[in-house]
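**Q** If you scroll down you'll find the structure; I have some questions about it.
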Amino acid sequence: MKRTRVRFAPSPTGPLHMGGVRTALYNYLYAKQHNGDFILRIEDTDSHRFVPGAEKYIIDSLRWCGIGIDEGVDEQGNMVSVKSEKYPHAPYRQSERRAIYRQYAEQLVAAGWAYYAFDSAESLDKERAAAEARGETFIYNWSTRERLCNSLTLSEEECAIRLKESTGWTVRFKMPQDRVVKMDDLIRGHIEVNSSTLDDKVLWKRADELPTYHLANIVDDHLMEITEVIRGEEWLPSLPLHYLLYEAFGWERPRFAHLSLLLKPVGNGKLSKRDGDKLGFPVFPMKWTSPEGETSHGYREDGYFPEAFINMLALLGWNPGTEQELFSLEELVKAFSIEKVIKSGAKFNPEKAKWFNKEYLRMKSDEELAALWMPELKEKGVDASPQKVLEIVGLIKERATFVSDFWNIAWYLFEAPVEYAPKDVAKFWKPENTEPALQACRECSTGEELEEWIRGRELPMGKIMNCIRLVLSGSGSGLGICEIIKYIGHEEVLKRWENALAVLGR
RNA sequence: GGUGGGUUCGUAUAACGGUUAGUACUCAAGAUUCUCAAUCUUGCAAUAUGGGUUCGAUUCCCGUACCCACUACCA
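With numbering that gives the first Met the number 0, the residue at position 360 of the first sequence is 359, and numbering never jumps.
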């Protein structure tokens with residue numbers, strides 16, 4: 000039995016989007032479930048779209064999510080460039096592997112599976128325009144290659160000259176005519192495509208003398224002994240080409256699984272950065288600042304716990320068939336199964352993401368949450384004992400979705416209100432409430448006594464309590480009076496009454 | 001246009017060819033508490049469509065519609 004090895008192979012063209020994180024996660028879960036390796040490979044064969052910082056962002060994001068990388072990245076979080084016992088497949092950045100690919104391209108030409116093409120960009124543009132004028136689409140394959148400029152139509156001598164002297168050449172795959180390619184996908188089942196509809200894909204680019212994705216991908220997956228390729232649905236149309244490439248090389252191919260896309264919450268189409276900005280939710284795991292200085296929100300900075308983010312993502316397009324929704328990463332590893340991944344695209348629901356965070360927040364210990372909240376309290380200049388903060392956290396955590404909600408929920412336990420919500424003032428600031436409320440607060444030092452006092456006099460509990468709440472918190476809604484008094488103390492209660500009376504009058 | 005993929009409540013999803021089509025989020029109502037939140041209960045709400053196959057179809061087959069991807073010397 001071969002050791003399971005899967006890879007996540009992003010292109011460093013920008014920040015990793017949450018759909019990419021999901022692909023990485025599914026790869027990771029699959030690997031761990033089969034006691035295999037999860038490999039990170041950077042596919043940077045497009046020198047024009049390279050974005051500085053993107054690679055580091057990808058690695059940091061996976062780390063934040065808890066997705067451990069077995070191969071490709073060292074302990075310091077750098078891509079490994081040098082072969083060693085631990086990293087026998089290094090380097091893991093395709094730009095550093097450029098020397099490897101050329102021979103494979105030539106091997107295919109020699110075997111008749113590929114050919115050199117010399118057509119200029121301009122002449123191909125012309126072909127496209129001409130086809131369009133006829134209402135057709137230009138396709139470079141069996142139907143046109145015999146009248147175009149390539150090693151199939153030119154004499155050997157001429158080819159030799161062009162290969163040496165011309166401004167450049169590409170290698171194209173010679174897509175067979177009328178062959179039914181039979182494929183299997185772990186998620187989608189059996190798929191067949193007739194090769195006549197496919198084109199002679201460029202395998203070697205003249206522009207930057209690098210292989211295209213198709214060649215580099217197949218070569219690396221083979222060299223790195225990848226057993227399962229789990230990738231986005233956008234690759235499904237190139238699966239026949241990839242099958243044929245494995246056949247051309249005579250290599251055993253890995254098994255494939257194509258994941259559906261993440262769709263935008265409203266309307267049609269796939270989730271994009273714009274949707275996040277428009278609807279106010281992050282589409283990236285962490286905050287990203289582009290080289291131009293433009294920033295985008297991240298789940299991390301927006302207060303999401305990585306466990307919640309991962310859990311939410313895992314269930315977007317997969318479910319265990321049970322009613323369990325909350326999973327730790329370890330539980331996900333156990334429960335995951337690639338066959339149960341949903342075929343159709345999943346619309347992302349920001350509300351559900353928040354719900355997951357809320358669930359994880361309440362599972363956290365008070366100690367952990369207090370520690371997370373402390374920096375904000377310090378920044379606000381709050382002077383509170385750690386013990387008090389701890390108790391308050393325990394009191395309010397069930398009301399919050401994020402740690403950043405804490406302050407809004409409990410600020411009046413730390414400082415007195417200076418203004419009072421007009422709506423609630425109109426409702427509760429009436430002499431028949433304020434007089435007994437004030438008297439009660441003067442006579443009782445705890446919430447429990449207060450309750451007794453009101454009850455003993457058969458006064459309307461709701462009205463009096465809300466009146467007191469208005470004085471203590473500035474509004475008619477919030478924590479229980481008993482709790483508030485417990486944390487601020489009797490003296491502070493009386494101080495807040497003084498202020499209320501001064502501001503609102505009697 | 002061509003090729004491929006997809007289609008169950010608003011969203012995510014469940015349902016050996018036989019269920020009253022289940023669950024979660026959202027929303028609404030009620031209960032509860034001094035308010036709010038939380039909690040509990042209840043409710044709203046779906047098999048895209050037309051044909052087959054079958055005793056019986058959400059499930060299998062074909063057509064249609066709609067959605068998505070791909071159709072670059074991008075990945």
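Just so you know, even glycine gets a beta-carbon here, dropped at the ideal spot from N, CA and C. What you are looking at is a predicted structure, and each value in this text was computed from that prediction instead of being measured.
Determine, using beta carbons only, whether Cys-392 and Leu-368 come nearer to each other than 8 Å.
**A** Here residue 392 refers to the residue found at position 393 of the first sequence. Here residue 368 refers to the residue found at position 369 of the first sequence. Note that residue 392 corresponds to Val in the displayed sequence, not to Cys. Yes; because the gap between Cβ atoms is below 8 Å, this pair is in contact.
**Q** Who are the near neighbours of Met-464 in its chain, counting only those whose CB is closer than 6 Å to its CB and skipping five residues on each side?
**A** Here residue 464 refers to the residue found at position 465 of the first sequence. If we look at Met-464 and ignore the five residues flanking it on each side, its Cβ neighbours are Ile-480.
**Q** With H, G and I counted as helix, E and B as strand and the rest as coil, what does DSSP make of Trp-250?
**A** In the first sequence, the residue the question calls residue 250 occupies position 251. Here Trp-250 sits in coil by DSSP.
**Q** Identify, in the order they occur along the chain, each residue of the same chain with its Cβ nearer than 6 Å to the Cβ of Phe-7, setting aside the five sequence neighbours on each side.
**A** On the first sequence, residue 7 is found 8 positions in, with the first residue counted as 1. Counting only Cβ-Cβ distances below 6 Å, and skipping sequence neighbours, we find Ala-23, Asn-26 and Leu-39.
**Q** Residues bridged to Gly-297 by DSSP?
**A** Sequence index remark: in the first sequence, residue 297 carries index 298 (1-based). Answer is Phe-283, bridged to Gly-297.
**Q** Roughly how many angstroms lie between the CA atoms of Glu-300 and Lys-286, to the nearest whole one?
**A** Translated into the one-based positions of the first sequence, residue 300 becomes position 301. Translated into the one-based positions of the first sequence, residue 286 becomes position 287. One C-alpha to the other measures close to 6 Å.
**Q** Could you tell me whether the stretch 45-58 touches the stretch 234-251, where touching means 3 or more Cβ pairs closer than 8 Å?
**A** No, the stretch 45-58 is not in contact with the stretch 234-251.
**Q** Going by DSSP in three states, Arg-273 sits in which element: helix, strand or coil?
**A** Stepping through the first sequence from its first residue, residue 273 is reached at position 274. Note: Arg-273 maps to helix in three-state DSSP.
**Q** Following the continuous alpha helix (DSSP H) through Trp-452, name the residue where it begins and the one where it ends.
**A** As a working mapping, residue 452 is identified with position 453 in the first sequence. First-last of the alpha helix (DSSP H) with Trp-452: 446-455.
**Q** Please state if the CB of Phe-283 and the CB of Ser-271 are separated by a distance shorter than 8 Å.
**A** Locating residue 271 in the first sequence gives position 272, where the first residue counts as 1. Locating residue 283 in the first sequence gives position 284, where the first residue counts as 1. Not closer than 8 Å, so no.
**Q** Contact between the stretch 51-70 and the stretch 8-20: three or more CB pairs below 8 Å?
**A** Touching, yes, given that three or more Cβ pairs across the two stretches are closer than 8 Å.
**Q** Closer than 6 Å by C-beta to Asp-365: which residues in its own chain qualify, once you throw out the five before and the five after it? Chain order, please.
**A** Looking up residue 365 in the first sequence gives position 366. Excluding sequence neighbours, Asp-365 sits near Leu-389, Val-392 and Gly-393.
**Q** Find out if the Cβ-Cβ distance for the pair Asn-349, Phe-401 is shorter than 8 Å.
**A** Walking along the first sequence from the start, residue 349 turns up at place 350. Walking along the first sequence from the start, residue 401 turns up at place 402. A small correction: the amino acid at residue 349 is Pro; Asn does not occupy that position in the sequence shown. Contact flag unset, no.
**Q** Please determine if the stretch 195-205 and the stretch 139-152 are in contact, where contact requires at least 3 C-beta pairs separated by less than 8 Å.
**A** With the cut-off at 8 Å, the stretch 195-205 and the stretch 139-152 touch.
**Q** Got a sec? Which residues, its chain only, sit under 7 Å from Gly-13 by beta carbon, not counting five neighbours each side?
**A** Residue 13 sits at position 14 when you count from the first residue of the first sequence. Counting only Cβ-Cβ distances below 7 Å, and skipping sequence neighbours, we find Val-50 and Ala-53.
**Q** Thinking C-beta only, is Val-170 closer than 8 Å to Val-108?
**A** Mapped onto the first sequence, residue 108 falls at position 109. Mapped onto the first sequence, residue 170 falls at position 171. Cβ distance < 8 Å, so Val-108 and Val-170 count as in contact.
**Q** Would you decide whether Gln-323 is buried or exposed? Buried here means 16 or more other CB atoms lie within 10 Å of its CB.
**A** Against the first sequence, residue 323 aligns to sequence position 324. Flag for Gln-323 reads exposed.
**Q** Going by C-alpha to C-alpha distance, which of Gly-292, Thr-226, Arg-92 and His-47 sits closest to Ala-30?
**A** In the first sequence, the residue the question calls residue 30 occupies position 31. Taking only the C-alpha atoms, the option nearest Ala-30 is Thr-226.
**Q** Rounded to whole angstroms, what is the Cα-Cα separation between Gln-93 and Ile-41?
**A** For the purposes of this step, residue 93 is taken as the residue at position 94 of the first sequence. For the purposes of this step, residue 41 is taken as the residue at position 42 of the first sequence. Each residue's Cα considered, the two are about 6 Å apart.
**Q** Could you tell me whether the Cβ atoms of Lys-426 and Gly-473 are closer together than 8 Å?
**A** In the first sequence, counting from the first residue as 1, residue 426 sits at position 427. In the first sequence, counting from the first residue as 1, residue 473 sits at position 474. In this structure, Gly-473 does not lie closer than 8 Å to Lys-426 by Cβ.
**Q** Please work out which residues of its chain come closer than 6 Å, Cβ to Cβ, to Trp-444, disregarding the five sequence neighbours upstream and downstream, and give them in chain order.
**A** Here the question's residue 444 lines up with position 445 in the first sequence. In the sequence on display, residue 444 carries Ser and not Trp. Excluding sequence neighbours, Ser-444 sits near His-489.
**Q** Comparing C-alpha positions only, which one of Pro-9, Ala-89, Asp-45 and Val-492 sits nearest to Tyr-56?
**A** As a working note, residue 56 is residue 57 in the first sequence. When only C-alpha atoms are compared, the closest one is Pro-9.
**Q** Would you decide whether Lys-396 is buried or exposed? Buried here means 16 or more other CB atoms lie within 10 Å of its CB.
**A** By one-based count along the first sequence, residue 396 stands at place 397. Buried.
**Q** Could you tell me whether the stretch 241-250 touches the stretch 207-222, using the rule of 3 or more Cβ pairs below 8 Å?
**A** Touching, yes, given that three or more Cβ pairs across the two stretches are closer than 8 Å.
**Q** Looking at the unbroken beta strand (DSSP E) that takes in Asp-184, where does it start and where does it end?
**A** If you number the first sequence from 1, residue 184 lands on position 185. Segment 179-184, the beta strand (DSSP E) holding Asp-184.
**Q** Taking contact to mean at least 3 C-beta pairs separated by less than 8 Å, is the stretch 326-342 in contact with the stretch 184-195?
**A** Touching, per the Cβ criterion.
**Q** What's the gap between the Cα of Leu-500 and the Cα of Lys-277?
**A** Reading the first sequence from its first residue, position 501 is the one you call residue 500. Reading the first sequence from its first residue, position 278 is the one you call residue 277. Their Cα atoms are separated by approximately 45 Å.
**Q** What do you get for Ala-436, buried or exposed, if any count of 16 or more other CB atoms within 10 angstroms of its CB means buried?
**A** Taking the first residue of the first sequence as 1, we reach residue 436 at position 437. Classification for Ala-436: buried.
**Q** I'd like the span of the beta strand (DSSP E) that includes Asp-36, first residue to last.
**A** Here residue 36 refers to the residue found at position 37 when the first sequence is read from its first residue. Its beta strand (DSSP E) spans residues 36-39.
**Q** Who are the Cβ neighbours of Arg-127 in its own chain at under 7 Å, not counting the five residues just before and after it?
**A** In the first sequence, residue 127 corresponds to position 128, counting from 1. Same-chain partners within the cutoff: Phe-137.
**Q** Using 10 angstroms around the beta-carbon of Gly-320, count the other beta-carbons present and answer buried if the total reaches 16, otherwise exposed.
**A** On the first sequence, position 321 is the one that residue 320 refers to. It counts as exposed.
**Q** Quick one, which of Trp-112, Lys-125, Lys-181 and Gly-268 has its alpha-carbon nearest Pro-175's?
**A** Locating residue 175 in the first sequence gives position 176, where the first residue counts as 1. Among Trp-112, Lys-125, Lys-181 and Gly-268, the Cα nearest to that of Pro-175 belongs to Trp-112.
**Q** Thr-169 by DSSP, collapsed to three states: which one?
**A** The residue given as residue 169 occupies position 170 in the first sequence. Note: Thr-169 maps to strand in three-state DSSP.
**Q** Just reading off the alpha helix (DSSP H) that Asn-498 is part of, what are its end residues?
**A** In the first sequence, the residue the question calls residue 498 occupies position 499. Start and end: 489-503.
**Q** So Phe-7 is in the beta strand (DSSP E); what residue range does that whole segment cover?
**A** As a first step, residue 7 must be located in the first sequence, where it is residue number 8. Per DSSP, Phe-7 belongs to the beta strand (DSSP E) from 4-7.
**Q** Taking 8 Å as the threshold (C-beta atoms), are Val-424 and Asn-469 in contact?
**A** Here the question's residue 469 lines up with position 470 in the first sequence. Here the question's residue 424 lines up with position 425 in the first sequence. In the sequence on display, residue 469 carries Leu and not Asn. Cβ distance < 8 Å, so Leu-469 and Val-424 count as in contact.
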